[in-house]
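Enquirer: There's a structure below that I have some questions on.
Residue numbers (our numbering), protein chains in the order written: chain Y, 1 to 323; chain D, 1 to 289.
In structure tokens:
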């Protein structure tokens with residue numbers, strides 16, 4: 001295949017056979033409970049230097065509790081997938097977790113400005129869809145997938161994509177390298193203890209991320225019986241054998257919205273924006289993360305049952321979210 | 001020759017006072033075609049424009065967002081920033097998918113129009129949302145998000161941006177999402193993008209542009225509260241100017257009532273910095289200060 005142009009940036013090594021071998025050796029096919037605390041899950045499955053993907057974001061059914069745990073445990077040198085993200089990229093960068101970043105979209109601010117200018121974080125350029133397509137390729141066991149966007153942009157030049165002559169039509173087509181992250185963090189509405197997980201509502205790439213990643217941590221609003229999973233199998237978004245850890249995390253998307261469960265906490269949302277707009281993430285972490293053993297302790301100390309109950313009451317929509 | 005702007009007249013009486021952001025949203029709403037599909041950027045003016053159009057002008061227009069929400073009837077207003085993957089934004093949709101759903105459907109040719117807002121646009125309709133400046137003046141922005149796919153794959157792309165010299169530049173500092181690239185014929189196809197797609201209009205709070213046959217921005221209409229000279233002074237380059245400039249009508253009371261009481265009652269989008277315009281029944285004027 002003739003290569004017409006190619007991006008010059010570093011990208012996570014493409015190795016579908018290596019990934020198959022990992023799956024063969026590490027993905028447990030038995031129905032074994034993987035229920036554990038957020039602390040244990042992050043301690044066991046998120047390592048310094050990992051490539052990390054999280055689905056959705058800090059405000060929209062994202063794994064906010066798990067992201068706070070990553071900051072609490074001071075992970076370092078993480079290569080982050082910044083697709084359809086929000087302030088979470090800034091929070092992780094500002095907390096010193098991240099050294100490389102694949103950009104689809106993140107919320108900008110002083111934290112990112114300063115980190116990029118000082119060279120503390122290296123940014124590689126993609127788009128949201130190109131990133132989810134890379135995950136799709138990774139989730140299919142393929143080395144790449146073609147896409148009819150992204151060519152011609154300056155992002156292409158700073159990516160791992162290639163423009164080739166399509167052997168079928170003879171026309172130029174962009175190829176995006178597959179992405180198989182080391183670890184995925186995904187927040188869902190319901191899961192059983194084995195990791196059969198249900199996402200209700202839209203999402204970004206939860207299925208692709210779960211299947212493409214070597215290690216998968218699910219946090220769930222509710223742990224449900226497997227009998228309930230078997231009653232309505234069509235609602236299983238992610239099957240157990242892709243999953244390594246299941247964390248029971250009520251309000252695990254706080255301060256965000258979790259469809260069918262609770263509305264977003266506007267003061268909490270604004271405070272997170274402020275942290276990266278003014279580059280004061282350490283102060284944010286000192287308030288919400290580092291002093292506490294886990295999120296439950298933080299909710300008890302800072303947010304309080306009354307405020308959480310109001311967020312539950314504010315979520316009046318149930319259609320599509322409850323089985 | 002007068003260019004057909006593709007704008008329907010607004011319903012209701014002309015409003016006596018409004019800001020330019022509101023005017024921009026109303027202009028785009030009047031462009032929306034009934035029975036067509038729109039992939040709108042999540043949040044901000046593009047979404048309000050299409051919501052206004054569906055309510056007032058084009059009840060059969062449908063929109064999707066990049067989280068794979070297809071044709072919702074959202075519960076308004078949105079909570080701050082909760083315009084995607086939120087239960088209110090996806091309420092009563094016809095289907096729910098994911099980002100690859102949106103990307104694939106656009107790649108198939110199902111999206112007639114994309115509507116985007118952006119930081120910076122150039123004479124060939126290229127879009128920058130990644131970074132500006134160099135050295136100490138460098139500023140990092142959030143990246144293309146879904147805009148690259150919208151600009152590459154929808155049949156026609158409508159861009160909303162401000163009429164400011166630093167935003168209307170000869171060449172964007174970074175092509176995040178494709179316009180006509182270097183402006184040469186076939187540039188998009190050579191880059192692997194589907195043929196027959198690309199930039200269609202740019203709408204600012206006080207002007208509208210289309211593209212010439214040689215793919216350069218062309219000023220085709222201005223608001224009655226500005227002169228062509230004022231608009232051109234807010235472009236870093238000199239765009240082509242149509243022989244006969246059209247006039248963009250100001251917002252109507254119906255449009256503003258909808259926008260201010262139902263779509264964006266908290267002023268999250270429209271209360272941002274923009275000039276106020278007064279209409280005294282005969283002429284429009286920018287308010288002092």
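Ideal Cβ positions, reconstructed from N, Cα and C, are used throughout, including at glycine. On a predicted model such as this, the values are computed, not experimentally measured, just so you know.
Looking at the structure shown, is residue 36(Y) part of a helix, part of a strand, or coil, going by DSSP?
Expert: In this structure, residue 36(Y) counts as coil in the three-state DSSP scheme.
Enquirer: When you compare only the Cα positions, how much space is there between residue 111(D) and residue 152(D)?
Expert: Rounded to the nearest angstrom, the two C-alpha atoms are 11 Å apart.
Enquirer: Could you check where the beta strand (DSSP E) with residue 63(D) kicks off and where it finishes?
Expert: Segment 62-64, the beta strand (DSSP E) holding residue 63(D).
Enquirer: For chain Y, is any of its Cβ atoms less than 8 Å away from the one on residue 204(D)?
Expert: It does not: the Cβ of residue 204(D) has no partner Cβ on chain Y nearer than 8 Å.
Enquirer: Quick one: list the residues of chain Y neighbouring residue 91(D), beta-carbon separation under 9 Å, in chain order.
Expert: Going along chain Y in sequence order, the residues near residue 91(D) (Cβ under 9 Å) are 317, 319 and 320.
Enquirer: Only counting the same chain, and skipping five residues up and downstream in sequence, which positions put a Cβ closer than 7 Å to that of residue 276(D)?
Expert: These residues qualify, in order along the chain: 17, 19 and 287.
Enquirer: Can you tell me which of the three DSSP states residue 310(Y) falls into?
Expert: If DSSP states are grouped into helix, strand and coil, residue 310(Y) belongs with the helices.
Enquirer: Which bits of chain A does residue 81(Y) rub up against, with CB to CB less than 7 Å?
Expert: Here chain A cannot be found, since the structure's protein chains are Y and D.
Enquirer: State the DSSP-derived secondary structure class of residue 140(Y), mapped to helix, strand or coil.
Expert: In this structure, residue 140(Y) counts as coil in the three-state DSSP scheme.
Enquirer: Would you kindly check if the distance between the Cβ of residue 195(Y) and the Cβ of residue 218(Y) is under 8 Å?
Expert: Contact flag set, yes.
Enquirer: Please confirm whether residue 155(D) has its beta-carbon closer than 8 Å to some beta-carbon of chain Y.
Expert: Not closer than 8 Å to any Cβ of chain Y, the Cβ of residue 155(D) fails to qualify, so no.
Enquirer: Measuring straight from C-alpha to C-alpha, what distance separates residue 38(Y) and residue 65(Y)?
Expert: In a straight line, the C-alpha of residue 38(Y) is about 8 Å away from that of residue 65(Y).
Enquirer: Under a CB-based cut-off of 8 Å, is residue 149(Y) close to chain D?
Expert: Yes, contact with chain D.
Enquirer: How many whole angstroms separate the CB atoms of residue 41(D) and residue 146(D), which I take to be in contact at a CB cut-off of 8 Å?
Expert: Confirmed, about 7 Å.
Enquirer: Considering residue 245(D), what are the terminal residues of the beta strand (DSSP E) in which it resides?
Expert: Unbroken beta strand (DSSP E) run through residue 245(D): 240-247.
Enquirer: Give the DSSP bridge partners of residue 122(D), in chain order.
Expert: Per DSSP, 169(D).
Enquirer: For residue 285(Y), does the three-state DSSP call read helix, strand or coil?
Expert: Of the three classes helix, strand and coil, the one that applies to residue 285(Y) here is helix, per DSSP.
Enquirer: So is residue 251(Y) in contact with chain D if we call contact Cβ pairs under 8 Å?
Expert: So no, residue 251(Y) is outside the interface.
Enquirer: Let's test the definition: count the other Cβ atoms within 10 Å of the Cβ of residue 13(Y) and tell me whether it reaches 16, buried, or not, exposed.
Expert: By the 10 Å Cβ count, residue 13(Y) comes out exposed.
Enquirer: Check each residue of the region 242-268 of chain Y: if its Cβ is closer than 7 Å to any Cβ of chain D, include it; give the result in chain order.
Expert: Taking 7 Å as the Cβ-Cβ cut-off against chain D, the residues of the region 242-268 of chain Y that qualify are 257, 259, 260, 263, 264 and 266.
Enquirer: Quick check: is the beta carbon of residue 96(D) nearer than 8 Å to any beta carbon in chain Y?
Expert: Judged by the 8 Å Cβ criterion, residue 96(D) is in contact with chain Y.
Enquirer: Let me know the beta strand (DSSP E) ranges lying completely inside the region 125-180 of chain Y, each 3 residues or longer, listed in chain order.
Expert: 144-147, 162-165 and 172-177, all fully within the region 125-180 of chain Y.
Enquirer: Which residues of the region 106-126 of chain Y have a Cβ closer than 7 Å to any Cβ of chain D? Give them in chain order.
Expert: If the cut-off is 7 Å between Cβ atoms, the region 106-126 of chain Y has 106, 107, 108, 112, 113, 116, 117 and 125 near chain D.
Enquirer: Please classify residue 116(D): does DSSP put it in a helix, a strand, or coil?
Expert: Strand.
Enquirer: At a Cβ threshold of 8 Å, is residue 208(Y) touching chain D?
Expert: With 8 Å as the cut-off, residue 208(Y) counts as an interface residue toward chain D.
Enquirer: Assuming residue 122(D) contacts residue 164(D) (C-beta within less than 8 Å), just tell me the rounded distance between them.
Expert: That pair is no contact at about 14 Å.
Enquirer: How big is the Cα-Cα spacing for residue 83(Y) and residue 216(Y)?
Expert: Spanning the two alpha carbons is a distance of roughly 17 Å.
Enquirer: From residue 148(D) to residue 80(D), what does the alpha carbon distance come to, in whole angstroms?
Expert: So the alpha carbons of these two residues sit roughly 24 Å apart.
Enquirer: For residue 189(Y), return the contacting residues in chain D, with the cut-off set at a CB-CB distance below 9 Å.
Expert: Residues of chain D passing the Cβ test: none, with the nearest at roughly 11 Å.
Enquirer: Hey, does residue 173(Y) have any beta-carbon neighbour from chain D nearer than 8 Å?
Expert: By this cut-off, residue 173(Y) is an interface position.
Enquirer: Return the first residue and the last residue of the alpha helix (DSSP H) that residue 237(Y) is part of.
Expert: Unbroken run through residue 237(Y): none, as it is neither H nor E.
Enquirer: Can you check whether the CB of residue 146(Y) is closer than 8 Å to the CB of residue 175(Y)?
Expert: In this structure, residue 146(Y) lies closer than 8 Å to residue 175(Y) by Cβ.
Enquirer: When you compare the CB of residue 181(D) with every CB in chain Y, is at least one pair closer than 8 Å?
Expert: Judged by the 8 Å Cβ criterion, residue 181(D) is in contact with chain Y.
Enquirer: Starting from residue 79(Y), trace the alpha helix (DSSP H) in both directions and tell me its first and last residue.
Expert: Where residue 79(Y) is concerned, there is no enclosing alpha helix (DSSP H), although the beta strand (DSSP E) it sits in stretches over 78-82.
Enquirer: Taking only the alpha-carbon atoms, compute the straight-line gap between residue 192(D) and residue 302(Y) and give it to the nearest angstrom.
Expert: Computed Cα separation, rounded: 52 Å.
Enquirer: Between 208(D), 156(D), 223(D) and 38(D), which lies nearest to residue 196(D) when the distance is taken from Cα to Cα?
Expert: Of the listed residues, the one whose Cα sits closest to residue 196(D) is 156(D).
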